[in-house]
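Residue numbers (this note's numbering): 232 to 654.
In what follows, a structure is listed as structure tokens, so that the remarks can point back to it.
Okay, here's the thing in structure tokens:
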């Protein structure tokens, strides 16, 4: 009997746990270690921040769901990983051994890189967690009562840009609905070299699309921007030119500021010798297997992926939903063949399909694979994207609630779009 432990109960963790339970025979045990007993559908957090969803609508208790599918669960988190002995020390003081370890830990939010950034004790809002989004909604309510300037964007080294674009355009829509948009100037401040870069070198014609959207909705922008400090009501940043030379130093007032941070690896993972790069992300081969420890696999934000290109202000590479699910499917297949003594390894396709809601419309990005050069590279927009994201939210929550990984109709739908999880 083998014991497989999954660390992390987010999008990647629940996906790999359910798929492992479907593929592996009952003689093998599957355990998930998370922090807290809730699953949060993170892509819905921008809606929570703007009042389109409540906290209760985007979270669900995960322990009872795991129990129904013969998956053990511990909600105390991991305090220490002894990779040599294949042993975990958990947050509640208990210990457990593993035969295979799957890391889906997500990121540590590095707000500390910029003084004054982040929720308490900082001065800016975030939508990275559901509780951050709840606090961001309170800030949005205060803005409606006392309109003023809004700043939105990302901090230096950020790798997740899509939610910032979603938030700023959805915020603009909500302000227009409430007829206070004329009293709220909005500026988007980003380390990206141009709008729509998103850490991917652009997808299709994303640059033109995002510039058009911002012009259409009266949103100003600053690119190649390096945020250096936030005070109670002012942001300080330096703008660089395309050669990385200082162009200007800027200060902007705000009533509300929402900025996405750079990510770092989970401390318990980052401290394992030889497992991670200097930022704490797991170094893996093309099979999602850790380079230093063959019994450890990793998927999602915790995986080390080099930046696509050098930029004046550093930006990272995002790990999108479909990309993460392709990683988890490859991991499950590779653990399965390992247990059967086979050498038939499989690789994820690492494709990306992103749906960015923008109030009553949206933008869709398709990249196959996610990083260039690509076989497919497309961007589209329209009201259909808004409804597609709503449908995806309901569908993924349904999958989690019922403990399924990839129903046959999902496989058919992806195949119709020319997408596959595995090579």
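Built from N, CA and C at the ideal position, the CB exists for glycine as well.
Computed from a predicted structure; not experimentally measured.
Looking only at DSSP bridge pairs, what is residue i linked to?
i: residue 520; result: 528
i: residue 453; result: 420
i: residue 326; result: 320
i: residue 305; result: 264
i: residue 479; result: 470
i: residue 677; result: With the chain running from 232 to 654 in the structure shown, residue 677 is simply not present.
Does DSSP put residue i in a helix, a strand or coil?
i: residue 484; result: strand
i: residue 244; result: helix
i: residue 640; result: A caution first: residue 640 carries a pLDDT of 47, below 50, which makes its placement in the model too unreliable to give a value.
i: residue 609; result: strand
i: residue 533; result: helix
i: residue 448; result: coil
i: residue 465; result: strand
i: residue 438; result: helix
i: residue 340; result: strand
i: residue 491; result: strand
i: residue 458; result: strand
i: residue 589; result: coil
i: residue 554; result: helix
i: residue 568; result: helix
i: residue 289; result: helix
Going by other Cβ atoms of all chains shown within 10 Å of its Cβ, with 16 needed for buried, is residue i buried or exposed?
i: residue 252; result: buried
i: residue 590; result: buried
i: residue 401; result: buried
i: residue 395; result: buried
i: residue 615; result: exposed
i: residue 617; result: buried
i: residue 244; result: buried
i: residue 439; result: exposed
i: residue 504; result: exposed
i: residue 289; result: buried
i: residue 528; result: buried
i: residue 363; result: buried
i: residue 626; result: exposed
i: residue 652; result: buried
i: residue 463; result: exposed
i: residue 475; result: exposed
i: residue 240; result: buried
i: residue 262; result: buried
i: residue 235; result: buried
i: residue 451; result: exposed
i: residue 531; result: buried
In terms of residue numbering, what span does the alpha helix (DSSP H) encompassing residue i cover?
i: residue 358; result: Careful: residue 358 lies outside any alpha helix (DSSP H) and carries neither H nor E.
i: residue 294; result: 294-299
i: residue 393; result: 393-408
i: residue 582; result: It is not in any alpha helix (DSSP H) - residue 582 carries neither H nor E in the DSSP assignment.
i: residue 616; result: 614-633
i: residue 276; result: 276-280
i: residue 497; result: No alpha helix (DSSP H) contains residue 497, which DSSP labels as neither H nor E.
i: residue 652; result: Residue 652 -> no alpha helix (DSSP H), and no H or E assigned at all.
i: residue 577; result: Where residue 577 is concerned, there is no enclosing alpha helix (DSSP H), given that its DSSP letter is neither H nor E.
The beta strand (DSSP E) spanning residue i covers which residue range?
i: residue 312; result: 309-313
i: residue 234; result: 234-238
i: residue 386; result: Segment: none, residue 386 is in no beta strand (DSSP E) and carries neither H nor E.
i: residue 593; result: 593-599
i: residue 332; result: 331-334
i: residue 269; result: 269-271
Can you find a CB in chain B that lies within less than 8 Å of the CB of residue i?
i: residue 377; result: Structure shown: chain B not included; a single protein chain is present.
Under 7 Å: does the beta carbon of residue i sit that close to some heavy atom of the ligand GTP?
i: residue 623; result: Among the components of this structure there are no ligands whatsoever, and the ligand GTP is therefore not found.
Checklist entry - At a cut of 8 Å, does the segment 363-370 reach the segment 408-422 through at least three beta carbon pairs? => result no
Next on the checklist: Does the structure place the segment 574-584 close enough to the segment 505-522 that three or more beta carbon pairs sit under 8 Å?
Outcome noted: yes
Next on the checklist: Whether or not the segment 445-461 and the segment 357-366 are in contact is what I'm after, with contact meaning three or more pairs of Cβ atoms, one per stretch, closer than 8 Å; do they touch?
Outcome noted: no
Checklist entry - Three or more beta-carbon pairs under 8 Å between the segment 558-570 and the segment 434-454, yes or no? => result no
Item to check | Touch test, the segment 585-599 against the segment 608-622, Cβ-Cβ under 8 Å, three pairs minimum | outcome: yes
Item to check | Stretch pair the segment 290-308 + the segment 262-275: three plus CB contacts closer than 8 Å | outcome: yes
Checklist entry - Between the segment 328-342 and the segment 282-292, are three or more C-beta pairs nearer than 8 Å? => result no
Checklist entry - Would the segment 383-391 and the segment 534-550 be scored as touching if the rule is three or more Cβ pairs under 8 Å? => result yes
Checklist entry - Taking one C-beta from the segment 481-496 and one from the segment 372-389 each time, how about it: are there three or more such pairs within less than 8 Å? => result yes
Next on the checklist: Does the contact criterion of 3 or more C-beta pairs under 8 Å hold for the segment 423-432 versus the segment 314-323?
Outcome noted: no
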